[in-house]
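Every letter in the sequence shown is one number past the one before it in the numbering used here, and letter 6, counting from 1, is 6. First comes the structure, then the notes that go with it.
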Amino acid sequence: MNLILVGPPGAGKGTQADRLSSEYGLAKLSTGDMLRAAVAAGTPLGLQAREIMAVGQLVPDVIMVNLIRERLSQPDCVNGFILDGFPRTIPQAEALDAMLDEIGRKLNAVIELKVNDVELIRRIAGRFSCTKCGAGYHDTSKPTMRTGVCDVCEGVEFSRREDDKPETMSKRLEAYNRQTAPLLPYYTAKGALWAVDGMADINVVAEQIASVLKKTAKLLTSA
Ligand code: AMP
């Protein structure tokens, strides 16, 4: 099964991609995570991406397409993958179509997580994660059980994403509306887009996605 999760920053793509990855054994390909790892490692890609990410803009298509091409060729993608944060522009989507054609793979579904702007800002403004294990939390909706101690690994250091600051967040939303939202009609025209209510509780969103996947499996078998 090959899936794309699409939605604005804070829609819950990463959270749902993690769940899908462990439930269905799919490789999670998060371009944001790949870029943050490159920034942390100080690689040439990281040096190039850092400034762009810090101002909430998009990294050039050619860089992102090459990154995904390389990643898709790795063995863990053989049983299927979930793309989280890619494609983010029409040229990226077109390049992905060409790449999948080349390797004889098909997309099963593009799932849009719909969340309104007020909720996106609330989610992003309050999110933080454990520096040691990466577990994600939120100031009000998912605080740690013990103040200052990670529930998962008992780490005591936490960090907030540089680009979650309010001024960068509004640039990221702008980039989503201008550059990424055109993917919705693009995939609708291909009959691949399924929208789910991303405002719902995490478990309810996961159930909605599971029911989309059941429907797409049926469509595939009856085709
Ligand atoms: P994310 O973690 O998905 O919110 O991505 C964080 C940042 O990484 C974005 O704001 C962009 O600057 C950059 N980025 C991630 N994925 C892409 C992509 N597919 N195309 C361009 N830039 C990207």
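Don't be surprised by glycine CBs; every beta carbon is placed ideally from N, CA and C. Everything numeric in this text was worked out from a predicted model, so none of it was measured.
With burial defined as no fewer than 16 other Cβ atoms inside 10 Å of the residue's Cβ, what is the status of G148: buried or exposed?
By the neighbour-count rule (16 or more Cβ atoms within 10 Å), G148 is not buried but exposed.
The ligand AMP and F86: does the residue's C-beta get closer than 6 Å to at least one heavy atom of that ligand?
F86: yes, Cβ under 6 Å from the ligand AMP.
I'd like to check one pair, G10 with R161: are the Cβ atoms closer than 7 Å?
Their beta carbons are not under 7 Å apart, which means R161 does not touch G10 by this criterion.
If distances are taken between C-alpha atoms only, which option among K218, A17, A95 and Y24 comes closest to L67?
Per the Cα distances, A95.
For the stretch 36 to 114, list the alpha helix (DSSP H) runs that are entirely contained and at least 4 residues long, ordered along the chain.
Runs found: 44 to 54, 61 to 72 and 90 to 103.
According to the neighbour-count rule (16 or more other Cβ atoms, all chains shown, within 10 Å of its Cβ), is G7 buried or exposed?
Buried is the call here.
Rank F81, L35 and E112 by C-alpha distance to the C-alpha of I209 and give the top, closest one.
Per the Cα distances, E112.
Tell me, which residues are paired with V6 by DSSP?
DSSP output for V6 lists E112 as bridge partner(s).
Relative to the C-alpha of S22, which residue among R172, Y186, Y137 and F81 is closest?
Comparing Cα-Cα distances from S22 to each of R172, Y186, Y137 and F81, the minimum goes to F81.
Taking only three categories from DSSP, how would you classify K142?
Here K142 sits in strand by DSSP.
In whole angstroms, what separates the C-alpha of R69 from that of K114?
For R69 and K114, the distance between alpha carbons rounds to 28 Å.
Could you tell me whether any non-hydrogen atom of the ligand AMP is closer than 6 Å to the CB of V205?
No, Cβ of V205 sits at least 6 Å from all heavy atoms of the ligand AMP.
Can you find the residues in the same chain that come closer than 6 Å, C-beta to C-beta, to M169, ignoring five residues on each side of it along the sequence?
Same-chain partners within the cutoff: I124.
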